[in-house]
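Protein sequence lines, in the order shown, are assigned to chains C and U. Residue numbering for the first sequence is 86 to 235, as defined by the numbering used here. Residue numbering for the second sequence is 3 to 213, as defined by the numbering used here. C-beta: ideal position from N, C-alpha, C; glycine also. The model shown is predicted, which means the values in this text are computed figures rather than measured ones. Okay, structure first, notes after.
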Amino acid sequence: MTAFWRPLVLLACLLAAPARAEDAVKVTVLAILANATDDKVCPKCGPIAKQIQKSYPELTGFHIERTTVREVPVGKAVKFPLVESAEVAVTIEEKVVDGKISLTIEPPTLGAVTINCKCGKTFPILTRFTTVAGEQLIVAVMAEACAAKK
Amino acid sequence: MSQSEPELDPIPQEWLAAYADGELGHADALRVERWIASHPEARELLRVQEAFAGPAFRELVQIPVPEDDAFDRVRDRIAAAVVHVRPPRRFPWAIAFLGLATAAGLLIALNLRPAVPGVPGPRAVVEVTPEPPYEVASDDDVEIVSMFDRDAPMLIVGRHPIALRAPAWASGSDVVLEWAEPDAQGYFSDMAGAAGTRSVPMVLMPPAKGR
């Protein structure tokens, strides 16, 4: 690299680094396991359990198996581990429009779901994945980029 | 020194001082004397050594020997001059520690005491602030843009895209077909709900074989 290009490349790197950081969205993924054998509901998943029981009253026990938080760059699919071999891919399609983040979720056993979800709110979805112990997997995704609200 | 006399071995430097002090044995003293006789330039050095060894020098450099009780007297003077700082009392700490230990023991004893039927025993209440639960999105917080229809029953919040806005099917009067190209085989697509039939949705169908 010539001496002429070196400062330009350095400047480009300096300008590009903050831009990448700004484009990333903090995404939290919860792997919640539900069962019909007990009625223990973990305190943190109480509202989710309540919502699920509206459609699936036979599910009575809920607990968070795994929580993963990652920075997801816009336009790039990032996989989050769930339980056993299951994982979910999350892609941020568009950062924040009207306080909502557009993201595509690919949970195990389900097709891709594209949603516009309010910042900081958890979007749960039931999957057909069941663990060896017979518990049903619920994937809950929360994206936060509220500082960059337009 | 004459040329015919044999060369004498040099004597060690400290021998000269020892000779001056009269500390050498007879044989060594003779050797020193022979060496000085053959080295007249060393006589001045011997004279200086003898001067240092003399009684006048001893008087000059006499080091006073302290008396036997001198050390005790100096120690007493130092002790008198030092301001004694009283070490902090450990007693209050011991009292506090004993108090805490007693209180802890009482608490443990009260909690381990077998409960008397009908009388609720005292229990230490530990208040744990629960972590706030995750806030679930409501149907209004989520807009489902795209999903497979077979997964619609798995939705917990949000509405299936089709439920957000009921599809308004175009009828024959809503569409003017200006141009249609045949497919590779030269067939044209068939249309249900042709122009003029308002109530029937217009559906573009794949070409029927053999037409």
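- As the crow flies, the alpha-carbon of proline 158 of chain C is around 27 Å from that of arginine 161 of chain U.
- Here the segment 124–138 of chain C makes no contact with the segment 168–177 of chain C; the two share fewer than three CB pairs at distances below 8 Å.
- Among the residues facing chain U, glutamine 136 of chain C is included, as its CB has a counterpart in that chain under 8 Å away.
- Looking at the DSSP output, valine 226 of chain C bridges to C:Val114 and C:Phe208.
- At a cut-off of 8 Å between C-beta atoms, isoleucine 133 of chain C counts as an interface residue with respect to chain U.
- Shown here, arginine 33 of chain U sits in a helix according to DSSP, grouped into three states.
- Remark: C-beta atoms of threonine 216 of chain C and leucine 118 of chain C approach each other more closely than 8 Å.
- At least 8 Å separates the CB of alanine 121 of chain C from every CB of chain U.
- Its Cα nearest to that of aspartate 153 of chain U, the residue C:Arg213 stands out among C:Ala218, C:Glu229 and C:Arg213.
- Contact annotation: serine 148 of chain U and threonine 199 of chain C have beta-carbon atoms nearer than 8 Å.
- Taking isoleucine 146 of chain U as the centre and dropping the five residues before and after it, the same chain places the C-beta of Gly160 and Pro163 closer than 6 Å to its C-beta, in chain order.
- Per DSSP, the continuous alpha helix (DSSP H) segment holding glycine 131 of chain C begins and ends at 131–140.
- By the Cβ-count criterion, phenylalanine 190 of chain U is exposed, with fewer than 16 other Cβ atoms from all chains shown falling within 10 Å of its own Cβ.
- Burial check for alanine 230 of chain C: the Cβ neighbour count within 10 Å reaches 16 or more, so the residue is buried.
- The beta carbons of lysine 203 of chain C and lysine 180 of chain C sit no closer together than 8 Å.
- In this structure, leucine 48 of chain U sits near isoleucine 38 of chain U, with a CB-CB distance shorter than 8 Å.
- In the DSSP annotation of this structure, the continuous segment of the beta strand (DSSP E) that includes alanine 174 of chain C starts and ends at 172–182.
- For the segment 145–174 of chain C, the set of residues with a beta-carbon nearer than 8 Å to any beta-carbon of chain U is empty.
- The Cβ atoms of isoleucine 158 of chain U and isoleucine 190 of chain C lie no closer than 8 Å to each other.
- Neighbours of phenylalanine 208 of chain C in chain U, taken as residues at a C-beta separation under 9 Å, are given in chain order as Val138, Ala139, Asp143, Val144, Ile158, Val159 and Gly160.
- Burial is judged here by how many other beta carbons sit within 10 angstroms of a residue's own beta carbon; proline 209 of chain C has at least 16 and is buried.
- At a cut-off of 8 Å between C-beta atoms, lysine 125 of chain C does not count as an interface residue with respect to chain U.
- At a cut-off of 8 Å between beta-carbon atoms, aspartate 153 of chain U makes contact with chain C.
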